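K.L.:
Numbering (this note's numbering), first residue to last: 1 to 407. Every residue gets a Cβ at the ideal spot worked out from N, C-alpha and C, and that includes glycine. Bear in mind that the values here come from a model prediction, so they are computed numbers and not experimental data.
#1: Residue 80 and residue 53: beta carbons closer than 8 Å?
#2: Throw me the rounded Cβ distance for the residue 114 and residue 76 pair, which I believe falls under 8 Å.
#3: What number of angstroms, rounded off, separates the C-alpha of residue 356 from the C-alpha of residue 282?
#4: Return the CA-CA distance between residue 303 and residue 266, expressed in angstroms with no decimal places.
#5: List the endpoints of the continuous alpha helix (DSSP H) containing residue 233.
#6: Who does residue 285 pair with in a DSSP beta bridge?
#7: Which partner residues of residue 46 appear in the DSSP bridge assignment?
#8: Thinking just about the alpha-carbon of each residue, which of 294, 173 and 330 is nearest to the one in residue 385?
#9: Using a 10 Å radius around the Cβ and a threshold of 16 neighbouring Cβ atoms, would you call residue 317 buried or exposed?
#10: Please state whether DSSP places residue 20 in a helix, a strand or coil.
#11: The beta strand (DSSP E) spanning residue 196 covers which residue range?
#12: What are the boundary residues of the beta strand (DSSP E) that includes residue 261?
#13: Distance check for residue 367 and residue 392, CA to CA, integer angstroms please.
#14: Can you list, in chain order, the residues of its chain with a C-beta nearer than 6 Å to that of residue 103? Leave out the 5 residues immediately preceding and following it.
#15: Relative to the alpha-carbon of residue 122, which residue among 271, 341, 142 and 23 has its alpha-carbon at the smallest distance?
#16: Is the CB-CB distance between residue 86 and residue 68 below 8 Å?
#17: Check whether the Cβ atoms of residue 139 and residue 198 lie closer than 8 Å to each other.
#18: Please state the DSSP three-state secondary structure of residue 170.
#19: Which residues in the same chain have their Cβ closer than 6 Å to the Cβ of residue 322, if we skip the five residues on either side of it in sequence?
#20: Report, in whole angstroms, the separation of the C-beta atoms of residue 162 and residue 131, which I expect to be a contact under 8 Å.
#21: Can you confirm whether the region 332 to 351 touches the region 241 to 256 when touching is taken to mean that 3 or more C-beta pairs between the two stretches lie within less than 8 Å?
#22: Pick from 353, 129, 332 and 92: whose alpha carbon is nearest that of residue 339?
#23: Evaluate contact between the region 169 to 183 and the region 192 to 212, counting only Cβ atoms and requiring at least three cross-stretch pairs below 8 Å.
#24: Return helix, strand or coil for residue 164, following the three-state DSSP convention.
#25: Please report how far the alpha carbon of residue 389 lies from the alpha carbon of residue 120, in whole angstroms.
#26: Between the alpha carbons of residue 371 and residue 260, how many angstroms are there, rounded?
#27: Can you tell me the Cα-Cα spacing of residue 189 and residue 268, whole angstroms?
#28: Going along the chain, which residues of its own chain have a beta-carbon closer than 6 Å to the beta-carbon of residue 4, five neighbours each way excluded?
#29: Span of the alpha helix (DSSP H) holding residue 149?
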């Protein structure tokens with residue numbers, strides 16, 4: 001597997017476009033569209049929030065209905081959540097506009113929205129946006145990058161990645177883009193993500209792979225403890241690489257899962273590090289836990305604690321905050337088995353060993369924690385399982401951003 005330049009248009013047969021539709025933002029692109037030249041097998045995962053946006057309900061019907069997916073239309077600025085029948089009608093009108101402009105059946109069009117909850121989408125702006133984008137669709141890497149920027153809200157950087165790998169002598173490409181900066185918490189996480197590949201694979205296997213990979217990637221990030229109404233991750237596979245269709249779990253399937261895990265991990269880390277107001281990516285790496293679920297729970301508890309996040313922001317090696325978070329996580333363990341370290345590019349420092357605090361160099365601790373990526377590394381000494389979770393520091397700017405988000 002090799003990482004390459006590109007994103008959602010890197011794979012054969014995929015095109016993208018974006019436009020200024022003025023949904024909420026002015027003087028910036030706020031709509032994007034991705035299409036495949038041919039219908040795709042599709043898979044998806046969605047928010048676990050009981051309050052689901054109209055677009056989530058629409059996409060679940062598309063993905064789980066057993067049909068194909070050929071186009072995705074995304075708008076940023078308004079979430080189309082808590083919008084009743086009018087919200088569903090907006091989804092329907094958007095898909096119908098794609099059918100009119102590109103002769104792609106509305107039933108194979110997914111829609112996604114991100115932004116303010118409880119506001120109605122301006123349908124005429126949506127359909128006009130589809131008309132504009134239909135004329136500028138392009139398979140270039142630049143078009144994919146532009147699309148990744150158009151779906152941003154409070155994000156400060158766009159998120160995209162692509163890889164290639166070999167199956168049966170064919171070069172397979174998998175790429176994608178995502179957005180996410182605030183209202184992010186495990187349970188699918190708060191995000192929009194769109195993945196595209198020219199691999200040929202059965203739908204059921206693709207869904208199984210995506211659902212499994214999400215557990216250790218997008219479900220392991222948190223910014224603020226809020227799970228959104230709009231979480232959507234879609235995977236499209238058009239088969240244009242020409243490989244024999246993957247119909248069972250074998251070496252080819254494993255190669256695909258490895259690539260999918262890399263792409264999702266990359267995008268998840270980028271979102272966690274771009275949390276609203278964040279200055280650092282905050283990682284928790286737990287090893288030698290009794291079970292995989294224990295490792296996941298412990299690492300998520302560490303990065304999810306507001307006190308832990310504040311300590312990371314303040315470069316305060318207050319290890320008690322991280323142990324405290326582990327202690328209320330619900331996982332049963334003996335603190336006398338635990339070792340805890342701080343790690344970054346500046347070095348590694350142990351601060352706690354088998355129930356006892358260690359004397360350590362405070363200046364070195366600050367140096368470690370001033371880096372843009374900081375890891376709390378925990379050895380449980382109780383098993384063989386491990387997991388990583390990702391978050392960010394908690395800064396003054398987080399409150400500022402969310403205090404006036406609606407306006």
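P.N.:
To lay it out plainly:
#1: For the pair residue 80 and residue 53, the CB atoms are nearer than the 8 Å cut-off.
#2: The Cβ separation is near 5 Å, so the contact holds.
#3: Counting only the Cα atoms, residue 282 lies some 24 Å from residue 356.
#4: Going from the Cα of residue 303 to the Cα of residue 266 covers about 17 Å.
#5: Per DSSP, residue 233 lies in no alpha helix (DSSP H); the unbroken beta strand (DSSP E) holding it starts and ends at 232 to 237.
#6: Per the DSSP secondary-structure output, residue 285 pairs in a beta bridge with 377 and 388.
#7: DSSP, once it has assigned bridges, lists 232 as partnering residue 46.
#8: Here the closest residue by C-alpha is 294.
#9: By the neighbour-count rule (16 or more Cβ atoms within 10 Å), residue 317 is buried.
#10: Coil, per DSSP.
#11: Here the beta strand (DSSP E) through residue 196 covers 192 to 197.
#12: Segment 251 to 273 is the alpha helix (DSSP H) holding residue 261; no beta strand (DSSP E) there.
#13: Annotation: residue 392 to residue 367 spans about 17 Å, alpha carbon to alpha carbon.
#14: Cβ neighbours of residue 103 beyond the five flanking positions: none.
#15: Considering only alpha carbons, the answer is 23.
#16: Not a contact, by the Cβ cut-off of 8 Å.
#17: Taking 8 Å as the cut-off, the beta carbon of residue 139 is found no closer than this to the beta carbon of residue 198.
#18: When secondary structure is reduced to three states using DSSP, residue 170 falls in the strand class.
#19: In the same chain as residue 322, and ignoring 5 residues on each side of it, the C-beta atoms closer than 6 Å to its own belong to 302, 308 and 376, in chain order.
#20: Actually they do not touch by this definition, with Cβ atoms about 29 Å apart.
#21: Three or more beta-carbon pairs separated by less than 8 Å are not found between the region 241 to 256 and the region 332 to 351, which leaves the two stretches without contact.
#22: Comparing Cα positions, the closest option is 353.
#23: Yes, since at least three Cβ pairs between the region 169 to 183 and the region 192 to 212 fall closer than 8 Å, the two stretches touch.
#24: Residue 164 falls in the strand class under three-state DSSP.
#25: Residue 120 has its alpha-carbon roughly 35 Å from the corresponding atom of residue 389.
#26: Each residue's alpha carbon lies about 28 Å from the other.
#27: With a pLDDT of only 49 at residue 189, under the threshold of 50, the placement of this residue in the model should not be trusted; the figure read from the coordinates follows. Approximately 9 Å, taken between the alpha carbons.
#28: Excluding residues within five positions, the ones whose Cβ falls inside 6 Å are 162 and 164.
#29: In the DSSP assignment, residue 149 falls within the unbroken alpha helix (DSSP H) covering 141 to 150.
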